[in-house]
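K.L.:
Position 168 of the sequence shown, counted from 1, bears residue number 168 in full-length UniProt numbering, the numbering being contiguous throughout. Sharing a structure, written as structure tokens. Questions coming.
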Amino acid sequence: MRWFDVPGCFCFHIWNAWDEPSVVIVCSCITPPDALLSSVRAVLSEVRLDLRTGRYSRRELVPVLNLEAGTVNRSLLGRRTRFAYLAVAEPWPRCRGVAKVDLGTGELAAVHEYGEGRFSGEPTFVPATSATSGTGTGGREDDGHVVVMVHDEAAGTAELVVLDAGKMEVAATVAALPCRVLYGFHGVFITKEQLAEQRLD
């Protein structure tokens, strides 16, 4: 086990981490240590823990947006990813859209906003096919969809919105939900095959 001295901070979510030859990379949205006592301003960050020198460094990505609750193509968890999809947490604690960030360049690739008075919880990335998407077998890492549950506060309605992860535009599917899903609710996408494997009978 290695210990690293790092500045005080608070991380709600760590959405990926991976090893490089002498460095551990941790990707998170980092807030000041007193964030829960004030307004939360999270900065998407790449933290590098150098195993040779024992030093810590941090690269801030897209500091102009308050981003939280990130997700990546889960077939690449634990490996370097190019794209992350994060909730635009403005006005806090509501999320007014989803941002796609290119982690290689550190730039904002696209933002999809839901519209006036419409907010969501965390986004979930769903690969186009579980077998090939982003796994090194020919699929693009962003070949899939970003799924979010959006609540229209004025109308009192809720929808499951499906975005094309490549273009960050609404795909053909928007499904009405029978009730609102709370903003902080966590979930994960599983295929019908994965669901069938969970049966005990």
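Even glycine gets a Cβ: it sits at the ideal position worked out from N, Cα and C. Since we're looking at a predicted model, the values are computed, not measured.
1) Helix, strand or coil: how does DSSP classify residue 74 here?
2) Measure from the alpha carbon of residue 174 to the alpha carbon of each residue in 23, 97, 182 and 163, then state which is nearest.
3) Return the chain-ordered list of same chain residues with a C-beta closer than 8 Å to the C-beta of residue 17, the five sequence neighbours on each side being excluded.
4) Report the option in 59, 49 and 29 whose CA atom is closest to the CA atom of residue 19.
5) DSSP state of residue 133, grouped into three classes?
6) Looking at the unbroken alpha helix (DSSP H) that takes in residue 195, where does it start and where does it end?
7) What would DSSP say about residue 90, mapped onto helix, strand or coil?
8) Jot down the residue ranges of each uninterrupted beta strand (DSSP E) in the segment 29-73, minimum 3 residues, whole runs only, in chain order.
P.N.:
In terms of the structure at hand:
1) Within the sequence shown, numbered from 1, the residue matching residue 74 stands at position 74. Helix, per DSSP.
2) Sequence index remark: in the sequence shown, residue 174 carries index 174 (1-based). 163 is the residue among 23, 97, 182 and 163 whose C-alpha sits nearest the C-alpha of residue 174.
3) Residue mapping note: residue 17 aligns to position 17 of the sequence shown, counting from 1. If the five residues before and after residue 17 are omitted, its C-beta is found closer than 8 Å to the C-beta atoms of 24, 25, 26, 27 and 78, all from its own chain and listed in chain order.
4) As a position in the sequence shown, residue 19 is number 19, starting the count at 1. The option with the nearest alpha carbon to residue 19 is 49.
5) Translated into the one-based positions of the sequence shown, residue 133 becomes position 133. In this prediction, residue 133 scores a pLDDT of 47, lower than 50, which makes its location untrustworthy; no coordinate-derived value is stated.
6) Position 195 of the sequence shown, counted from the first residue, corresponds to residue 195. DSSP places residue 195 in the uninterrupted alpha helix (DSSP H) bounded by 192-197.
7) What you label residue 90 is simply residue 90 of the sequence shown in a count that begins at 1. In the structure shown, residue 90 sits in coil (DSSP, three-state: anything other than H, G, I, E or B).
8) Within the segment 29-73, the complete beta strand (DSSP E) runs of at least 3 residues are 43-50, 56-60 and 67-71.
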